[in-house]
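Protein chains in written order, with the working numbering: chain A, 1 to 296; chain B, 1001 to 1296. Built from N, CA and C at the ideal position, the CB exists for glycine as well. None of the values given here were measured: they were computed from a predicted structure.
There are 2 protein chains.
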Amino acid sequence: MFADILYEKIEKTGNPTVMGLDPRIEYVPDSIRENTNSDASAVLNFNLKLIDTLNDIIPAVKFQSAYYELLGPIGAITLQQSMAYAKSVGLVVILDAKRNDIGSTAKAYAEAYLGDKHYAADALTVNGYLGTDGIKPFSDICEAKGKGIFILVKTSNPSSGELQDMKLYDGMTVYEKMAELVNGWGKEIVGKHGYSSIGAVVGATYPEELGKLRKIMPKAMLLVPGYGAQGGGANDVKDGFDSKGNGAIVNSSRGLMCAWKSEKFSGKYTHEDFCEAARDEAILMKTALNTATNKS
Amino acid sequence: MFADILYEKIEKTGNPTVMGLDPRIEYVPDSIRENTNSDASAVLNFNLKLIDTLNDIIPAVKFQSAYYELLGPIGAITLQQSMAYAKSVGLVVILDAKRNDIGSTAKAYAEAYLGDKHYAADALTVNGYLGTDGIKPFSDICEAKGKGIFILVKTSNPSSGELQDMKLYDGMTVYEKMAELVNGWGKEIVGKHGYSSIGAVVGATYPEELGKLRKIMPKAMLLVPGYGAQGGGANDVKDGFDSKGNGAIVNSSRGLMCAWKSEKFSGKYTHEDFCEAARDEAILMKTALNTATNKS
């Protein structure tokens, strides 16, 4: 089942980092764009090279669906090929598509992305605004096929509080209420390491909330975006982990894809070295996260 | 701009009905499935026939993205072809995809679906849980390109209240707060008929809430799902309209796609007559809605 597979893959690599492949075409280095004849094949090449470079030191990869949809129908093929490749080299594959609907429509999304026929992701991000009717069709497939979902609880963006931080009559915030729902939805799908295949998305940019949410959802695997480019650091995310340094996975997209441009490498890399730079950054991130969570 | 185009198209047809094309393959009659060699071409044929039959008496069509995504990458082409055809015969084209994300990712979704390059919908449904950062990239394109969005406020499903009905500290519910946000986001994009291109989704299954929300969002065009198969009738949706019977559009999906099976036609139609049955149902729906809103 998903929670166990992810947990064990993190243990094996010793690295709670997920590489976000959100390939805006501007992020693809000229060295690739010059040698490919379309945006779609440039993106595919870029993805495959990064996956080849990092698959032995990271547990998982997260594809941001929007950038593939932006390419039109061909982007769906690029996504499918990239996901299949990541899976073939043993990475856990998360699709960040934030889908949401009800009943048979939610079931169609669940089958499209978590079913075996087309994309076969290991996990999908989902928006829970619609309540149980919008989650059950996804959690049913998680249970039947060993897949996972991550439900948006507290997002990393500056204005996430407009709705999510509103206080309810009983003193809880909307995001805490969402966390309680997630905790309830996930309690029947818990694996042998104590984590549920129904996880949650909580932004790295809200460290205090992250610690609070870790407690409200003790069994939820947390997917934490917002590290690096959005401003979150290792100390900001540490409270998303349990006392043994488990139970969370931290996403870096631009931080890895565009590592060669990073000031921290002070000109060491050019666009031709984007893979080496990404590998260096993934190792730095692993060390920073393990240090912050007192692991190893 | 979108709000004016939709308003005028409703006036012209005298019918505030939007046909939902949510083509689960089981909905496609045998007469079509026997003569096509794939699910994708069966769906395309089904859509084109329904569009041909109804385009002179309805203003708009709404495509449910999930059923096209369920077909895999080829489904993206089916969606694109269906949308282009609906547009070519003069229908307003709404894509129901409930997308949501932040910043450049939300912009990628907005460009993918509201931009000219691939799908070129007139309007897109959006989930507002992420706040202004998640809406601005969409509303910017609405403003620049005369497009529209419909933001989920109160959804039609039984469990929508789990989060949406929660009472906030000030006595408002979460969905009312969302409605206030929608009202604020839309106030700069109001057309000559007084309606904004930033609309809202409110379910037909919650008549009381519909009336309340009409008042909180006086300028929002309301997209009302849940009519027919989900249980909402003309009297349930009437409070979603303004005092002149304008400002809302009511979706029917199964009610039109599967009209030939409806008990109300007591065996008059077979699967071969699905188009005639859909036309009959669209006219019944027009009459029922206009009667309920006192619009001759």
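Chain A contact for residue i (CB, 7 Å cutoff)
i, result
"residue 1100 (chain B)", "yes"
"residue 1166 (chain B)", "yes"
"residue 1111 (chain B)", "yes"
"residue 1169 (chain B)", "yes"
"residue 1105 (chain B)", "yes"
"residue 969 (chain B)", "Lying outside 1001 to 1296, the shown extent of chain B, residue 969 (chain B) is not represented and no answer is given."
"residue 1212 (chain B)", "no"
"residue 1118 (chain B)", "yes"
"residue 1062 (chain B)", "no"
"residue 1177 (chain B)", "yes"
Beta carbon proximity, residue i to chain B, threshold 7 Å
i, result
"residue 73 (chain A)", "yes"
"residue 66 (chain A)", "yes"
"residue 220 (chain A)", "no"
"residue 108 (chain A)", "yes"
Exposure label - residue i; buried when at least 16 CB within 10 Å
i, result
"residue 1225 (chain B)", "buried"
"residue 1308 (chain B)", "Because chain B in this structure spans residues 1001 to 1296, residue 1308 (chain B) falls outside the shown range and cannot be described."
"residue 1162 (chain B)", "buried"
"residue 1038 (chain B)", "exposed"
"residue 89 (chain A)", "exposed"
"residue 266 (chain A)", "exposed"
"residue 1129 (chain B)", "buried"
"residue 1047 (chain B)", "buried"
"residue 1192 (chain B)", "exposed"
"residue 1056 (chain B)", "exposed"
"residue 1264 (chain B)", "exposed"
"residue 1169 (chain B)", "exposed"
"residue 255 (chain A)", "buried"
"residue 287 (chain A)", "exposed"
"residue 220 (chain A)", "buried"
"residue 147 (chain A)", "buried"
"residue 1127 (chain B)", "buried"
"residue 100 (chain A)", "buried"
"residue 280 (chain A)", "buried"
"residue 1084 (chain B)", "exposed"
"residue 69 (chain A)", "buried"
Identified DSSP bridge partners for residue i
i, result
"residue 166 (chain A)", "In the DSSP output, where bridge partners are listed per residue, residue 166 (chain A) has none listed."
"residue 227 (chain A)", "A:232"
"residue 261 (chain A)", "Answer is none; residue 261 (chain A) lacks a bridge partner."
"residue 64 (chain A)", "A:96"
"residue 83 (chain A)", "DSSP, once it has assigned bridges, lists no residue as partnering residue 83 (chain A)."
"residue 1154 (chain B)", "B:1202"
"residue 1251 (chain B)", "B:1018"
"residue 124 (chain A)", "A:95 and A:149"
"residue 1301 (chain B)", "Since the first and last residues shown for chain B are 1001 and 1296, residue 1301 (chain B) lies out of range."
"residue 173 (chain A)", "A:167"
"residue 190 (chain A)", "A:196"
Within 8 Å, do at least three Cβ pairs link the region 164-176 of chain A to the region 191-200 of chain A? Segments in contact, no.
Chain-ordered residues of the region 187-203 of chain A with a beta carbon less than 8 Å from chain B: Cβ proximity to chain B below 8 Å picks out nothing from the region 187-203 of chain A.
Quick one: which residues of the region 1128-1149 of chain B get their C-beta closer than 8 Å to a C-beta of chain A? List them in chain order. From the region 1128-1149 of chain B, only 1128, 1129, 1130, 1131, 1132, 1133 and 1134 have a Cβ closer than 8 Å to chain A.
Contacting positions in the region 76-92 of chain A - beta carbon closer than 7 Å to chain B: Under the 7 Å Cβ criterion, the region 76-92 of chain A contributes 76, 77 and 80.
Counting Cβ pairs, one atom from each stretch, are 3 or more of them under 8 Å apart for the region 207-220 of chain A and the region 271-285 of chain A? Result no; under three Cβ-Cβ pairs closer than 8 Å.
Could you tell me whether the region 1107-1120 of chain B touches the region 134-145 of chain A, using the rule of 3 or more Cβ pairs below 8 Å? Contact between the region 1107-1120 of chain B and the region 134-145 of chain A is absent, because fewer than three Cβ pairs lie under 8 Å.
If the cut-off is 8 Å on Cβ atoms, which residues from the region 150-164 of chain A count as contacting chain B, listed in chain order? Hits within the stretch, in order: 152, 155, 156, 157, 158, 159, 160, 161, 162, 163 and 164.
On the three-pair Cβ rule with 8 Å, is the region 1054-1066 of chain B touching the region 1080-1099 of chain B? When C-beta atoms of the region 1054-1066 of chain B are compared with those of the region 1080-1099 of chain B, three or more pairs fall below 8 Å, so the two segments count as touching.
Taking contact to mean 3 or more Cβ pairs, one atom from each stretch, closer than 8 Å, check whether the region 235-245 of chain A and the region 24-41 of chain A are in contact. These segments do not touch.
Going along the chain, which residues of the region 22-44 of chain A sit with their C-beta nearer than 9 Å to a C-beta in chain B? Contact residues of the region 22-44 of chain A toward chain B are 22 and 24 (C-beta to C-beta distance below 9 Å).
The region 1244-1258 of chain B: which residues have C-beta closer than 8 Å to a C-beta of chain A, in chain order? For chain A, none of the residues of the region 1244-1258 of chain B brings a beta carbon within less than 8 Å of one of its beta carbons.
Anything in the region 225-240 of chain A with a Cβ closer than 7 Å to a Cβ of chain B? List those residues in chain order, please. For the region 225-240 of chain A, which is checked against every Cβ of chain B, not one residue is closer than 7 Å.
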